[in-house]
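Residue numbers (my numbering): 89 to 570. The beta-carbon is built from N, C-alpha and C at its ideal position, and this holds for glycine as well. The structure presented is a predicted model; accordingly, all values stated were derived computationally and were not measured. Worksheet: the structure to be examined is printed underneath.
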RNA sequence: CGGGGUGUGGCGCAGUCCGGUAGCGCGCCUGCUUUGGGAGCAGGAGGUCCCGGGUUCGAAUCCCGGCGCCCCGACCA
C-alpha cells in the first residue's frame, strides 16, 4: 500500500519527487515489460475524466469516433518520405504470426495516419463526402530509448483525430480549431496554462505542412509539449491517393489534418499542481472530488455519524459531485487524511459527533486554507463554489509561476544564462535559420517550443535574432523541454 | 548506446570488505485497547539473498560470465 514516509521534496530532486507522487497516489506502476507502465485505477480514473471532457468537445465540434487496426503493413509507413524517416527508427515490428513468418511484417502503430488514409482513399470520392471528421481513442507504441512514467513510455494511450477537407483553408481552420479545443481543455479542466503557436521545421510532425502545439511550463521550469495539431496539407493524400471530385468536376487531393493528446497529460497535470505532500488534482478531473471521513468512538456515535455521512454523500452525488465515504475501520482519521491528500482529493469533509450535533461538517481543502465548519444545509452549493474557486486558483497560480519564470526580449547572454540556471520560457527574436536553432540546442539544451500566437507575443516585437543578430522573422519561445 | 547507481520477505534497507546457513523498519494477518492530523501492546505469516557456472567441508558474502531495473546523457512530434 501507500508508504507512510514524507516524499522527496521538489526542491531536493524533482524527478524523484515526481516518481514518488505517482507511487504514493497509486496512479501507475512499472511493469514487467521494459519501458511500459501499468496505469492503476487511480490514474486511469483521471484519464477517464479527461476522455469524457475531450470526447464531448470533439463531438460538439462535429467529430465521430472510429477504430482502426493496431497493425499497419510495413510498406504503408514508407509511402510518405518524411513520415517513414521520422517514425521507422522507433517502431516495433511483428514478423511472425501463428507460428509462421509473415509475408509482410506488420508495424505496431506509432500513429495511424497511414492506415487511416488507406481507408479514406476508399471512402472519399466526391466533395460531397467531405469533410471527414474522425477521431480514434487508441494505444500506440514508440520504441523510445529512455522512458518516464506518463511522460514518455513505450506504449501509451491517446486520441488521434484525422480529418479530410476539400480546401486548404478548411484544413487550416480545423487545425487551429482543435488546437483551441486542446487549449480550452488544458486551461479549463486541467487548470494548466499553455502557450499556443507554431512549431519550427525541426520540431514539425514528420509529414506535416505545419505543426501547432500547446506548451506548458512545469514546476521545475521545463517545458512540456502537451498537445499538437497538424496541418498535413496534401502530403498524405498524395501518398495514399486520397482524391475527390470537386463541384466543378475536377479531381483534387484532399487536405487533411491530424491532432492528438495522450496520457502524457497526466504527467503534465502532476508536474503543474502537485506539492511536497503528493498529488494535487484540479476538481474537474478528480476521481473523487470530495472524501468524507467519519469520526466516532462509540457504536452509538458510529451509527449517527455514518448515517449523516451517507446522507451527505447522497446529497452531493445528487448534485453531481463525485463523493466517497471512507468508512474503513481500524484506521485513524489522521491516517486517512494523509492518504487522501497524497491522492490529490480536492476537498475533505470530516464528520464526527460534534458535527452531527451541529448539523455541519468540517471542510478541509487540499490546497491552502484553514479547516472550517460548513452547515450541511446547502452543502452541495457550497462545495461547488469551493471547487470552482479552487479550479480557478490552480490555473492562476500556475500562470503566475509561468510568468515569473519567463523573460521577454532576451539577449543571447540571457538565454545562455537562463538555460544554465533556472530554465523557464525565454522569448526572443529568431532569424528562422535552422543553423541558429541547432547551435542554440547544442550550447544551451534549449529548443524553440513555439513561435507564439499573437496573444502570447511580447508587446514589443523583437527585431533581431537573439543568437546571430540577423533580422528576426518571428518571436520565438525557448525552453528546455521534457 | 555511453556514464553512474542498484538487485536480499509486499516496500525501503542492513549484512558482503574479513565465508559459518539471514536481520531491521514499514506494510500484512489475528486479538484487545484505541479513533477530531500518520495509534499502542501481544501474537503471527511471509525469503529460489537477480540468474548461471566456479572455488570451498560450507557462499548473500570470494572468482568468472550473464541479466534486470533506476538516474544522468545521447536519442525523441
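{"Asked": "Enclosing beta strand (DSSP E) for residue 437 [first to last residue]", "Found": "435-439"}
{"Asked": "Check whether residue 123 and residue 235 have beta carbons under 9 Å apart", "Found": "yes"}
{"Asked": "Straight-line gap, residue 395 to residue 507 (C-alpha atoms, nearest Å)", "Found": "57 Å"}
{"Asked": "Start-to-end residues for the alpha helix (DSSP H) that takes in residue 163", "Found": "162-165"}
{"Asked": "Inter-residue Cα distance where the pair is residue 345 and residue 262", "Found": "7 Å"}
{"Asked": "Limits of the beta strand (DSSP E) - the one that residue 349 falls within", "Found": "343-350"}
{"Asked": "Residue 231 - DSSP class collapsed to helix/strand/coil", "Found": "coil"}
{"Asked": "For residue 188: DSSP bridge partner residues", "Found": "185"}
{"Asked": "Buried/exposed call for residue 387, threshold 16 Cβ in 10 Å", "Found": "exposed"}
{"Asked": "Three-state secondary structure assigned by DSSP to residue 430", "Found": "helix"}
{"Asked": "Residue from 466, 331, 156 whose Cα sits closest to the Cα of residue 218", "Found": "331"}
{"Asked": "For residue 171, the first and last residue of its enclosing alpha helix (DSSP H)", "Found": "169-175"}
{"Asked": "C-alpha gap between residue 169 and residue 175, whole angstroms", "Found": "10 Å"}
{"Asked": "Assigned secondary structure, residue 117 (DSSP; H/G/I helix, E/B strand, else coil)", "Found": "strand"}
{"Asked": "Cβ neighbour criterion (16 or more within 10 Å) applied to residue 484", "Found": "exposed"}
{"Asked": "Length of the line joining the Cα atoms of residue 337 and residue 214", "Found": "9 Å"}
{"Asked": "Pick from 230, 457, 489, 231 that is closest to residue 477, judged by C-alpha positions", "Found": "457"}
{"Asked": "Beta-bridge partners of residue 413, as assigned by DSSP", "Found": "380"}
{"Asked": "First through last residue of the alpha helix (DSSP H) which encompasses residue 105", "Found": "102-112"}
{"Asked": "Endpoints, the alpha helix (DSSP H) within which residue 398 is located", "Found": "387-406"}
{"Asked": "Where residue 155 falls, given that 16 or more other Cβ within 10 Å makes a residue buried", "Found": "exposed"}
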